[in-house]
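A.B. asks: Structure in structure tokens, see below.
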Ligand code: ADP
Ligand code: LRH
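Following this line, the structure appears as structure tokens:
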């Protein structure tokens, strides 16, 4: 039996989980959970990276005796270090407006086909490549570290670029499995910013003495590289029994697609908005980014603290179906701000009556997401040739019974919901494997975690009509 501390930073909350793991047992204990609240300063939206680091230290201290630590977080964002290893500035949030219009400029300069052929990513305005063009690193910047790599550096003093997260930059060559140096240089970026790649399962380093002293942990404690992109860890923990599955990693974002062994880099795939992200063990997550529960989170924030999620979801379950629908991939929903107003404006623009009240707005969000999940999984299956018999919903969205039920109905497939903490579990499983676990990780998740199955209603014609109303199939 080994104990693994999984540090998992999501866009809405962070946690330090302690996983106890053997060949036939997997238990998860939440040592520490904390809010992840971005900060706007003088017009720029930042992550509170030092606050998050302090919470991680608190979490590691209360987690106590672990055999290893692994860190994952949201993708695409980074910090820059100077030659002394000091952080230059504060990491900027991917929802900041600094990238407005930049993707279009870079596509004009390099060409969409070249960018896709190299990085294989959906064209999202916040991909690291566009952030780096939007704000050129200052001359004193020596090292670029993605968020989990930055936190690993602070814990261990070692630099490196974990590969699953490197693959979300747009500057990683998904076929060659290396940084895309020719593209990096064409964009006028310095190649020396990019550190050597690290594979999940390798040791990144051991704790700096000062970190050991502050947390009460031994300085010999290893930090193990995991699938440091949270979605890579989440999909590693999908409790699938074979490869005929689709998934929705469902939290702030819905990441919906299939798992492959090689990227799909065709022009049709590019035009259909599919990403090829690298997973643990060199797999490819072929998926679409869909706005996800951000639509709901931001609506709740607009409505104020008195609204409770369970009661709103109960009211939405009773609201009339298919009254109003929005395209849940539309970038107009990306920035923070009044979400119900944007949903209403989207409905008006597309000739629909806006949702009449909060329950109708939530119904609109949930149905639109279900259609987004269906379209992504169907298209991913078609473009990759991968057959799909079941859809796994993992992450916080697995607790949303209405969303899981409507996703099953929309897809016309059974949905298996859970685990909620798939990301932390995937993080811990990669550490366990590096420290002697020899079993089948997905099999262990299936045998040990609570899962709920939702069977589709069979009303395919209604969902076909609803999907075509928002231009999705
Ligand atoms: P992230 O990792 O992106 O921060 P999570 O995977 O933690 O996201 O999921 C957070 C989301 O899970 C919340 O926005 C909320 O919509 C959903 N969620 C959490 N608890 C519940 C619940 N009890 N019922 C329904 N949905 C829930
Ligand atoms: C989910 C996620 C997703 C990325 C987005 C920036 O947390 O990592 O996979 O596309 O954040």
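Residue numbers (the numbering used here): -7 to 465.
For every residue, glycine included, the Cβ atom is placed at its ideal position computed from N, Cα and C.
1) Buried or exposed: which applies to residue 42, given that a residue is buried once 16 or more other Cβ atoms fall within 10 Å of its Cβ?
2) Around the Cβ of residue 430, are there at least 16 other Cβ atoms within 10 angstroms (buried) or fewer (exposed)?
3) Quick one: using the 10 Å Cβ neighbour count with 16 as the cut-off for buried, is residue 88 buried or exposed?
4) May I ask whether a heavy atom of ligand 1 can be found less than 7 Å away from the beta carbon of residue 25?
5) Taking contact to mean 3 or more Cβ pairs, one atom from each stretch, closer than 8 Å, check whether the segment 391 to 407 and the segment 354 to 371 are in contact.
6) Who are the Cβ neighbours of residue 114 in its own chain at under 7 Å, not counting the five residues just before and after it?
7) For the candidate residues 7, 82 and 45, whose alpha-carbon lies nearest to that of residue 36?
8) Would a C-beta distance cut-off of 8 Å place residue 414 and residue 386 closer than the cut-off?
9) Looking at the structure shown, is residue 86 part of a helix, part of a strand, or coil, going by DSSP?
10) Per DSSP, residue 242 is paired with what?
11) With a threshold of 8 Å on Cβ separation, who are the neighbours of residue -5 within its own chain once the five nearest residues in sequence on each side are excluded?
12) Going by C-alpha to C-alpha distance, which of 100, 376 and 126 sits closest to residue 261?
13) To which residues does DSSP link residue 221 through a beta bridge?
14) Taking the beta carbon of residue 469 as the centre, do at least 16 other beta carbons fall within 10 Å, making it buried, or is it exposed?
15) Mind checking residue 221: buried by the 16 CB within 10 Å criterion, or exposed?
16) Could you pull the start and end residues of the alpha helix (DSSP H) that residue 359 belongs to?
17) Within the chosen definition, does the segment 318 to 338 reach the segment 201 to 218 through at least 3 CB pairs nearer than 8 Å?
18) How is the beta strand (DSSP E) around residue 214 delimited, first residue to last?
19) Report yes if the CB atom of residue 250 is closer than 8 Å to the CB atom of residue 67, and no otherwise.
20) Once the 5 residues before and after residue 132 are set aside, which same chain residues still bring their CB inside 8 Å of it?
21) Report the rounded CA-to-CA distance for residue 409 versus residue 101, giving the unit in angstroms.
22) Under 7 Å: does the beta carbon of residue 112 sit that close to some heavy atom of ligand 1?
23) Check whether the segment 300 to 315 and the segment 345 to 362 touch, using three or more Cβ-Cβ pairs below 8 Å as the test.
24) Report the partner residues of residue 197 according to the DSSP bridge assignment.
25) Is it the case that the CB of residue 222 approaches a heavy atom of ligand 2 more closely than 7 Å?
26) Quick check: the segment 147 to 160 against the segment 231 to 239, are there 3 or more CB pairs under 8 Å?
27) Given this structure, state the Cα-to-Cα distance separating residue 31 from residue 84, to the nearest angstrom.
28) When DSSP labels each residue in this structure, what does residue 264 get in the three-state scheme?
29) List the endpoints of the continuous alpha helix (DSSP H) containing residue 428.
30) Would you check if the distance between the CB atom of residue 284 and the CB atom of residue 246 is smaller than 8 Å?
31) Say yes only if the C-beta of residue 262 is nearer than 7 Å to one or more non-hydrogen atoms of ligand 1, and no if none qualify.
32) Along the chain, where does the alpha helix (DSSP H) that runs through residue 392 open and close?
33) Verify the contact flag: residue 392, CB atom, against every heavy atom of ligand 2, threshold strictly below 7 Å.
34) Consider the C-beta atom of residue 419 and the heavy atoms of ligand 2; say whether any pair is separated by less than 7 Å.
35) Could you tell me the distance, in whole angstroms, from the CA atom of residue 154 to the CA atom of residue 277?
C.D. replies: Quick answer:
1) Classification for residue 42: exposed.
2) By the 10 Å Cβ count, residue 430 comes out exposed.
3) Around the beta carbon of residue 88, 16 or more other beta carbons lie within 10 angstroms, which makes this residue buried.
4) Shortest gap from the CB of residue 25 to any heavy atom of ligand 1: 7 Å or more.
5) With a cut-off of 8 Å, the segment 354 to 371 and the segment 391 to 407 count as touching, because enough Cβ pairs lie within range.
6) Close CB contacts of residue 114 within its chain, under the 7 Å cut and outside five residues either way in sequence, are with 265, 266, 267, 280 and 281 (chain order).
7) Nearest C-alpha to residue 36 among 7, 82 and 45: 82.
8) If you check the CB distance, residue 414 and residue 386 come in under 8 Å.
9) Here residue 86 sits in coil by DSSP.
10) According to DSSP, which records beta bridges pairwise, residue 242 is partnered with 246.
11) Closer than 8 Å at Cβ, skipping near neighbours: 10, 11, 12, 13, 57, 58 and 59.
12) Per the Cα distances, 376.
13) Looking at the DSSP assignment, residue 221 forms a beta bridge with 65.
14) An answer regarding residue 469 cannot be provided, because it is not within the stretch -7 to 465 covered by the chain.
15) It counts as buried.
16) Segment 350 to 376, the alpha helix (DSSP H) holding residue 359.
17) Counting Cβ pairs under 8 Å, fewer than three are found: no touch.
18) That run of the beta strand (DSSP E) goes 214 to 216.
19) Not in contact: residue 250 and residue 67 (Cβ atoms no closer than 8 Å).
20) Listed in chain order, the non-local C-beta contacts of residue 132 below 8 Å within the same chain comprise 74, 75 and 80, local neighbours out to five positions each way being set aside.
21) Straight-line spacing of the CA atoms in residue 409 and residue 101 works out to 43 Å.
22) No, Cβ of residue 112 sits at least 7 Å from all heavy atoms of ligand 1.
23) Yes: the two stretches touch, three or more of their Cβ pairs being nearer than 8 Å.
24) Residue pairing by DSSP places residue 197 opposite 215 in a beta bridge.
25) For ligand 2, at least one heavy atom lies less than 7 Å from the Cβ of residue 222.
26) The segment 147 to 160 vs the segment 231 to 239: no contact.
27) Computed Cα separation, rounded: 10 Å.
28) Reduced to three states, the DSSP call for residue 264 is coil.
29) Run containing residue 428: none; DSSP gives neither H nor E here.
30) Yes. Within cutoff.
31) The answer is no for residue 262.
32) No alpha helix (DSSP H) contains residue 392, which DSSP labels as neither H nor E.
33) No, Cβ of residue 392 sits at least 7 Å from all heavy atoms of ligand 2.
34) Every heavy atom of ligand 2 is 7 Å or more from the Cβ of residue 419, so no.
35) CA-to-CA, the gap between residue 154 and residue 277 works out to about 16 Å.
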